[in-house]
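First residue of the sequence shown: 286, per our numbering; consecutive thereafter. Taking it in order: structure first as structure tokens, then the write-up.
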Amino acid sequence: MVRSVAILLALFWTSPVTTEAVDVHGRGEIDLSAFACTDTPRSTVVQRVCYDQAQRHLLVNIGGGYSEYCRLPVATYQAFVAATSMGQFYRQRIARSAAQFACDTPN
């Protein structure tokens, strides 16, 4: 038993530390280490959202692909994840305003 625990601990300490990254449409790969990500099983449209509050940077997974939005206010993000219909909120308040939240420089 002690040997098994020692082996598991050794494997844990020697395993490489990796961070998750996602491929974002039109941008390439983005490291998610600064983002708080949430799966959204209650939405049939939005599968996952990742938000970096310090940078006000949102990533949205729809249909298996990620789109990004910059300078998205925290209040808008909070309303988005709390919305009765995340898909409807996304289409009306975020995607429709894509130019307003366009990311001009790589993050």
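C-beta atoms are modelled at their ideal positions from N, C-alpha and C, and glycine is treated no differently.
Worksheet item: So, is residue 353 buried or exposed, given that buried needs 16 or more other C-beta atoms within 10 angstroms?
Response: Buried, by the Cβ-count rule.
Worksheet item: Rounded to a whole number of angstroms, what is the C-alpha to C-alpha distance between residue 328 and residue 321?
Response: 18 Å
Discussion item. What does the alpha-carbon distance come out to for the pair residue 362 and residue 338?
Written reply: 9 Å
Discussion item. In the DSSP output, what is residue 309 paired with across the bridge?
Written reply: According to the DSSP secondary-structure assignment, residue 309 is paired through a beta bridge with 313, 351.
Worksheet item: What does a CB cutoff of less than 8 Å around residue 307 pick up in its chain, not counting 5 residues either side in sequence?
Response: 314, 315, 317, 335, 344, 346, 351
Worksheet item: Which two residues bound the contiguous alpha helix (DSSP H) that contains residue 359?
Response: Per DSSP, residue 359 is one residue of the alpha helix (DSSP H) stretching across 359 to 367.
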